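Worksheet for the structure shown next.
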Amino acid sequence: ARYASFDSGQGRDFETGALDLAGLAGLATQLGEPKQISGKQERYENLLNQYLLR
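Numbers 159 to 212, taken from this note's numbering, label the letters of the sequence shown in order.
See the structure below:
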């Protein structure tokens with residue numbers, strides 16, 4: 159799910175080479191800052207791994 163944006167649209171275009179870095183930069187300028195999403199799952203996974211590896 160982390161890289162789901164590469165399955166369609168501009169993400170797939172970038173992955174296949176149809177969209178270059180200049181085009182990607184233009185999209186970033188046009189779309190602005192992305193919405194922040196929670197990183198809690200990764201935090202809890204790291205915490206669990208630290209506990210298990212002690």
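Cβ coordinates follow ideal geometry from the N, Cα and C atoms, glycine included.
If you're wondering where the values come from, they're calculated on a predicted model, not measured in any experiment.
Asked	Found
Please state whether the Cβ-Cβ distance between Q168 and L182 is less than 9 Å.	yes
Between which two residues does the alpha helix (DSSP H) holding Y202 run?	198-210
Taking the alpha helix (DSSP H) that G167 falls in, what are its first and last residues?	167-174
Nearest-angstrom Cα distance between E200 and Q188?	29 Å
Suppose the cutoff is 6 Å on Cβ atoms and the five residues either side in sequence are ignored; what does the same chain contact list for D171 look like?	L177
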